[in-house]
Amino acid sequence: MSALTDLTLAEARDALASRKVSAAEITEAYLGAIEASDLNAFIEVTADRAREMAKASDARLAAGEGGALEGVPLGIKDLFCTEGVRTTAGSRIIGNFVPQYESTVTANLWRAGAVLLGKLNLDEFAMGSSNETSAYGPVKNPWNKELVPGGSSGGSAAAVAGRLCVAATGTDTGGSIRQPAALTGTVGMKPTYGRCSRWGIVAFASSLDQAGPITRTVRDAAIMLREMASIDDKDSTSVDLPVPNYEAALEAGVKGKRIGVPKEYRVDPMPEALETLWQKGVEWLRAAGAEVVPVSLPHTQYALPAYYIVAPAEASSNLARYDGVRYGARVDADDIVGMYEATRAAGFGAEVKRRILIGTYVLSAGYYDAYYLRAQKVRTLIKRDFEAVFDEGIDALLTPTAPGPAFAIGGKPDPVEMYLNDIFTVPVNMAGLPGISVPAGLSDDGLPLGLQLIGRPFDEAGLLSLARALEEASGALTPPGF
Amino acid sequence: MSVDIDTVRRVAHLARIKVGDDEAERLTGELNAILGFVEQLDAVDVTGVEPMTAAVETALRRRVDVVSDGEVPQKVLANAPESDDSFFVVPKVVE
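Protein chains in written order, with this note's numbering: chain A, 1084 to 1565; chain B, 3 to 97.
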């Protein structure tokens, strides 16, 4: 394994800026690693484009005109539209869709000088917690190739942990950045709803979807987020707030910060290693000078069931556009309705069909009030729980990220059991808050476990400095053999 | 509440997804498992609670009402399974 692929984003950036290493060299190192890998993390490798972009970066670096990510090779979740590069969303129904435009987040990254290595595997339309619903096959966890990397940003997490890209983009609707980060020993951050533009990201559940980075360190997450975030005329929910220099705020320290530990964030049975690690996290933050207090978020248990009404409802609406007319694979039939039905039957996988049907059902006449309206009211209560603890002066919350470590490919065939993976991450999306998963330790079987920090709206800077304190105490996790 | 196989067929038609008999049977069980899981929401007292309409409270921004994009029919049609001139082609809709 080449040492170049071991550099963190901050190290790679500095080595590139000081011209100790060229963008062409580091890009080649990654292309070689990708070719030698059997993780199935990439759906498409854009080697030619990567080499062109690296060459252009080297010219800009030579001219002293390098951007904040100049020459840094990234992987992009295949949910972000990339102009001229096939974008699949992990689904067959889009066929060989080649976007004629670039998503705002990726456009921001290229403007900062980053290099596109390729498009990363994911659960179909980001619906899944194991990357097994992808039409392009499951991704293997670099910690143990018989295990899933989590999902839906499973390709992103596996590629970052497995040294196949310096950092990656992900999206998070109910935990899709934080859960795979926890299962692969990487850092994953979902910013506040509205911090990153959703324009050009294939939509799943529009009131919950948010883009964010998956990286090897907290510093790298801070660097990535600054470049990904922006206001955008093309997304009316993107916020008009300045993007701070998160990296500069990293070492702000946690002295005097008040951290809440919500008593409802438990599963039965609670794995002992997870319990121990959570307690360790409390001690680490205390030792760094934070005050840690127990808090209560009484509606926590209702977040996951409410999510499984709201998210499928929005998905059933968003995915109505895949009709075999404007893009994608069409299956011909005698009339137009037959064509729609045959196209969608052949193009969508089982999990996506389940969610579209649930969504269609809960929005249908006679059921809207009982399901959808009630779920949206419960969502208000979940948000109020968080607001109440923040009003009491709590700066952030500390919880486990996922209820357990990575599990076997094919090991959770029951849909509802799979949904329980997101039990600690979903409430954060329901309330639109920022959350970050930090690698914190190993399970009894030597697999990574993550701790989650949840912050106040748009306090990503404060959250990252807390995450940095956790990371400093726990140390980085590297898969065996990497 | 639970669904029977006829309801599953009706909902699948509303969603424009063709399902075979075996699939409808399987989906009935899976949908009922999910509906059983979400049933716990009935225990929440939501009296007087407003439904959430936005995760983050912000006033919708307005922009100047001018044409800012467009005139790219070939780009719009670039991924169509079937197109003709500047049109999407679909099976006959009007007899």
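Using N, Cα and C, we set each Cβ at its ideal position, and we do this for glycine too. These figures come from a predicted structure and were not determined experimentally.
Across the set A:GLY1494, A:LEU1291, A:ALA1130 and A:SER1319, the C-alpha of A:ALA1130 shows the shortest separation from the C-alpha of GLY1201 (chain A). From the beta-carbon of ARG1462 (chain A), the residues of chain B found nearer than 8 angstroms are PRO53 and MET54.
About 5 angstroms separates the beta carbons of LEU1087 (chain A) and ILE1109 (chain A), which is inside the 8 angstroms limit, making them a contact pair.
In the same chain as ALA1429 (chain A), and ignoring 5 residues on each side of it, the C-beta atoms closer than 6 angstroms to its own belong to VAL1414, in chain order. Contact note: ARG1437 (chain A) reaches chain B through LEU29, GLU32, LEU33 and ILE36, using a C-beta cutoff of 9 angstroms and chain order. Taken in chain order, the unbroken stretches of beta strand (DSSP E) that lie wholly in the stretch 1202-1290 of chain A and span 3 residues or more are 1250-1254 and 1270-1273.
DSSP links GLN1535 (chain A) through a beta bridge to A:THR1482 and A:SER1520. With contacts defined as CB atoms closer than 7 angstroms, ALA1195 (chain A) and LEU1152 (chain A) qualify as a contacting pair. In the structure shown, ALA1448 (chain A) falls within a coil segment according to DSSP collapsed to helix, strand and coil. A Cβ-Cβ separation of about 12 angstroms leaves GLU1397 (chain A) out of contact with MET1210 (chain A) under the 8 angstroms criterion. Approximately 6 angstroms separates the beta-carbon atoms of TRP1361 (chain A) and PRO1483 (chain A); this is inside 8 angstroms, confirming the contact. Residue contact check for LEU1503 (chain A) against chain B: no CB pair falls below 7 angstroms. The stretch 1297-1311 of chain A and the stretch 1255-1271 of chain A touch, with three or more beta-carbon pairs separated by less than 8 angstroms. In terms of Cβ geometry, ALA1251 (chain A) and GLY1173 (chain A) do not form a close pair [threshold 7 angstroms].
Contact with chain B is absent for GLN1293 (chain A), since none of that chain's Cβ atoms lies less than 7 angstroms from the residue's Cβ.
By the neighbour-count criterion, in which 16 or more other beta carbons inside 10 Å mark a residue as buried, ALA45 (chain B) falls on the exposed side. Counting only residues of its own chain and dropping the five nearest sequence neighbours on each side, GLU84 (chain B) has a CB closer than 6 angstroms to the CB of VAL91. For the pair VAL1198 (chain A) and ARG1278 (chain A), the Cα-to-Cα distance works out to about 23 angstroms. Contiguous alpha helix (DSSP H) elements confined to the stretch 1344-1410 of chain A occur at 1355-1370 and 1386-1401, taking only those with 4 or more residues. Per the DSSP secondary-structure output, ASP86 (chain B) pairs in a beta bridge with B:PHE89. A residue is called buried once 16 or more other Cβ atoms fall within 10 Å of its Cβ, and GLU32 (chain B) is buried on that count.
Interface criterion met: the Cβ of ALA1428 (chain A) is under 7 angstroms from a Cβ in chain B. Spatial neighbours of PRO1395 (chain A) in its own chain (CB-CB distance under 6 angstroms, excluding positions within 5 residues in sequence) are listed in chain order as ARG1438, ILE1441 and GLY1442. When C-beta distances to chain B are compared with 9 angstroms, the residues of the stretch 1169-1190 of chain A below that value are ILE1177, GLY1178, ASN1179, PHE1180, VAL1181, PRO1182, GLN1183 and TYR1184, in chain order. Residue contact check for GLU1397 (chain A) against chain B: no CB pair falls below 7 angstroms. Here PHE1287 (chain A) is near PHE1208 (chain A), since their CB atoms are less than 7 angstroms apart. Secondary structure of ILE1441 (chain A) (DSSP, three-state): helix. Taking 7 angstroms as the threshold, the shortest C-beta distance from PHE89 (chain B) to chain A does not fall below it. In the DSSP secondary-structure assignment, PHE1473 (chain A) is not bridged to any residue. PRO1562 (chain A) sits in coil when the DSSP states are folded into three classes, being neither helix nor strand. Under the Cβ criterion (8 angstroms, minimum of three pairs), the stretch 1507-1516 of chain A counts as touching the stretch 1249-1266 of chain A.
Under a 10 Å Cβ-count criterion, MET1136 (chain A) is classified as buried, with 16 or more other Cβ atoms of the shown protein chains found around its own Cβ.
Its chain contains PRO1327, TYR1329 and ALA1332 as the residues whose beta carbon lies nearer than 7 angstroms to that of ALA1544 (chain A), once the 5 sequence neighbours on both sides are disregarded; these appear in chain order. ARG18 (chain B) has a beta carbon lying within less than 7 angstroms of a beta carbon in chain A. Scanning chain A for C-beta atoms nearer than 8 angstroms to the C-beta of PRO75 (chain B) yields nothing, as the closest lies near 11 angstroms away.
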